[in-house]
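*Asks:* In my numbering, the protein residues as written are 86 to 492.
Where is the CB? At the ideal position from N, CA and C, for every residue including glycine.
Owing to the predicted nature of the structure, the values given are computational and were not obtained by experimental measurement.
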């Protein structure tokens, strides 16, 4: 599992050179990585962000120069940094940084071995105002030629707990006008989508940074961070990931990135398709949001795949008039057949009732904790064989064929 932390594959693993051809200008040719490779890489990125956020939090508390003092961080630099401040880190987070817990160092040693010349770096990090804002980072992976935006999930052991839970529990809906690229594209004729209010506000409220313009939002800050990286690495593809709250923010951000166009030319600024691989995501929007996402998927601008642990209660919320988006891969706790489904925007009452009951909180209720980041990583490994036989390119191609066949 550790060999792919932050997107570094095992050297012994065969890499596919097959590419999905694209005739659309501005769209990238994406290698047909297996679903296992994508899930493995993104799950580890999503989980590592919790560790690094704790490191920065402790160092800031002790006024030790941290990520603000560096342009970027390589695996070797991160390991040396943690070793230098081991005592302070272990005191604040003993389970994560105590001497007997070697998991973080084992992971970093693997990365150091695979990234001897800074092929992998965390280039942008933002947790300065975590008391009130979301936490995210942007990584550069020159092995896979990929820019990865990663959002931290709910953190209950730091100053961010209140703002994180406020965002999670504010389950009202906020309206948002369709972006220009979707105007007139929805069969429903609707002009607005409705998005989970807590997640929407987390992205769209002004930043806490006093050096920013008063109207600059967190959404714009994240998009600008991605554009900065794309400008430096124009031939890299863009991935977005996260776990739990981070998964919800990743989904919303991928939607924003896929619809961000130049105001003069109308062309996409971010390389498409934007790919969102997330874990343990709650629902974030209504049926119109689902329709908007599926238009972007058909246009080849967006790909979404949600990994859900069977019986994970978080993925069953919110309920009333909320829809999940993208492909869903449901993983059970033991090896077996994977359930991969795709949402239907206009389904009949029978199939709707079956899906609603199967994905409701009573059906997901259990006494085990199936939501943890570690459990998601474990189940990805358990289902490795089945995931290696699938990839997003073929999943979406299959959707297009079925759509044409039913037309």
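Could you give the C-beta distance for residue 205 and residue 220, rounded to a whole number, given that I count them as a contact under 8 Å?
*Replies:* Their Cβ separation, rounded to whole angstroms, is 20 Å, which puts residue 205 and residue 220 out of contact at 8 Å.
*Asks:* How long is the line joining the alpha carbons of residue 121 and residue 135, rounded to whole angstroms?
*Replies:* The alpha-carbon atoms of residue 121 and residue 135 are separated by roughly 22 Å.
*Asks:* Output needed for residue 412: all residues of its chain with C-beta closer than 8 Å, excluding positions within five of it in sequence on either side, in chain order.
*Replies:* Taken in chain order, the residues that qualify are 389, 390, 391, 425, 426, 427, 477, 480.
*Asks:* Buried or exposed: where does residue 485 fall if 16 or more other Cβ atoms within 10 Å of its Cβ makes it buried?
*Replies:* Under this definition residue 485 is an exposed residue.
*Asks:* DSSP beta-bridge partners for residue 200?
*Replies:* DSSP lists no partner for residue 200.
*Asks:* If we require 4 or more residues per run, which alpha helix (DSSP H) segments fall completely within the region 241 to 320?
*Replies:* If we require 4 residues or more, the alpha helix (DSSP H) runs fully inside the region 241 to 320 come out as 246 to 254, 282 to 289, 303 to 317.
*Asks:* At which residues does the beta strand (DSSP E) containing residue 388 begin and terminate?
*Replies:* 387 to 394 is the extent of the beta strand (DSSP E) around residue 388.
*Asks:* In whole angstroms, what separates the C-alpha of residue 349 from that of residue 264?
*Replies:* Approximately 14 Å, taken between the alpha carbons.
*Asks:* Taking a contact to mean a Cβ-Cβ separation below 7 Å, would you say residue 318 touches residue 360 in this structure?
*Replies:* It is not a contact, given that the beta carbons lie outside the stated cut-off.
*Asks:* Of all the alpha helix (DSSP H) runs that stay within the bounds of the region 334 to 402, which reach a length of 4 or more residues?
*Replies:* Qualifying alpha helix (DSSP H) stretches, in chain order: 372 to 383.
*Asks:* Among the candidates 471, 372, 383, 141, whose CA atom is the shortest distance from the CA of residue 258?
*Replies:* For residue 258, the nearest C-alpha among the options comes from 372.
*Asks:* If you compare alpha carbons, which of 314, 285, 165 is closest to residue 302?
*Replies:* Considering only alpha carbons, the answer is 285.
*Asks:* Can you check which of these residues, 343, 256, 210, 162, is closest to residue 281 by C-alpha distance?
*Replies:* Comparing Cα-Cα distances from residue 281 to each of 343, 256, 210, 162, the minimum goes to 256.
*Asks:* With DSSP run on the structure shown, which of helix, strand or coil describes residue 476?
*Replies:* Coil, per DSSP.
*Asks:* Is the region 296 to 315 touching the region 196 to 205, taking contact as three or more C-beta pairs under 8 Å?
*Replies:* Segments in contact, no.
*Asks:* So, does the region 412 to 423 touch the region 268 to 280, judging by three or more C-beta pairs under 8 Å?
*Replies:* The region 412 to 423 vs the region 268 to 280: no contact.
*Asks:* In this structure, how does DSSP classify residue 172 when only helix, strand and coil are distinguished?
*Replies:* Helix, per DSSP.
*Asks:* Does the Cβ-Cβ distance between residue 143 and residue 173 come in under 7 Å?
*Replies:* Going by C-beta atoms, residue 143 is nearer than 7 Å to residue 173.
*Asks:* Using 7 Å as the threshold, is the C-beta distance between residue 331 and residue 238 below it?
*Replies:* Cβ distance < 7 Å, so residue 331 and residue 238 count as in contact.
*Asks:* Using 8 Å as the threshold, is the region 336 to 347 in touch with the region 245 to 255, meaning 3 or more CB pairs across them?
*Replies:* Segments in contact, no.
*Asks:* Alpha carbon to alpha carbon, how far is residue 385 from residue 278?
*Replies:* Using only the alpha carbons, I get a separation of about 20 Å.
*Asks:* For residue 463, tell me which candidate among 118, 128, 213 has the shortest Cα-Cα distance.
*Replies:* If we check each option's Cα against that of residue 463, 128 comes out closest.
*Asks:* Going by CA-CA distance only, name the one from 169, 292, 190, 175 that's closest to residue 160.
*Replies:* Comparing Cα positions, the closest option is 190.
*Asks:* DSSP state of residue 122, grouped into three classes?
*Replies:* In the structure shown, residue 122 sits in a helix (DSSP, three-state: H, G or I).
*Asks:* Distance, Cα to Cα, residue 297 vs residue 250?
*Replies:* Going from the Cα of residue 297 to the Cα of residue 250 covers about 25 Å.
*Asks:* Name the residue from 216, 197, 394 whose alpha carbon lies nearest to the alpha carbon of residue 145.
*Replies:* Answer by Cα proximity: 216.
*Asks:* Please name the residue in 141, 212, 211, 163 whose C-alpha comes closest to that of residue 177.
*Replies:* Comparing Cα-Cα distances from residue 177 to each of 141, 212, 211, 163, the minimum goes to 141.
*Asks:* Does at least one heavy atom of the ligand SAH sit under 6 Å from the Cβ of residue 352?
*Replies:* The ligand SAH is not part of this structure, which contains no ligands at all.
*Asks:* Using a 10 Å radius around the Cβ and a threshold of 16 neighbouring Cβ atoms, would you call residue 322 buried or exposed?
*Replies:* Residue 322 comes out buried.
*Asks:* So, for residue 123: in the same chain, excluding its five sequence neighbours on each side, which residues have a beta-carbon less than 6 Å away from its beta-carbon?
*Replies:* The residues are 362.
*Asks:* Would you tell me roughly how many angstroms separate the C-alpha atoms of residue 405 and residue 430, rounded to the nearest one?
*Replies:* About 15 Å.
*Asks:* Based on Cα-Cα distance, which residue from 276, 381, 366, 234 lies nearest to residue 409?
*Replies:* Of the listed residues, the one whose Cα sits closest to residue 409 is 366.
*Asks:* Exposed or buried, residue 320, counting other C-beta atoms within 10 Å across all chains shown (16 or more means buried)?
*Replies:* Exposed.
*Asks:* Between 471, 305, 289, which has its C-alpha nearest residue 260's C-alpha?
*Replies:* Checked all of 471, 305, 289; the closest Cα to residue 260 is 289.
*Asks:* Going by DSSP, which residues form a beta bridge with residue 324?
*Replies:* According to DSSP, residue 324 bridges with 233, 360.
*Asks:* Look up residue 455 in the DSSP assignment and say whether it is helix, strand or coil.
*Replies:* Of the three classes helix, strand and coil, the one that applies to residue 455 here is coil, per DSSP.
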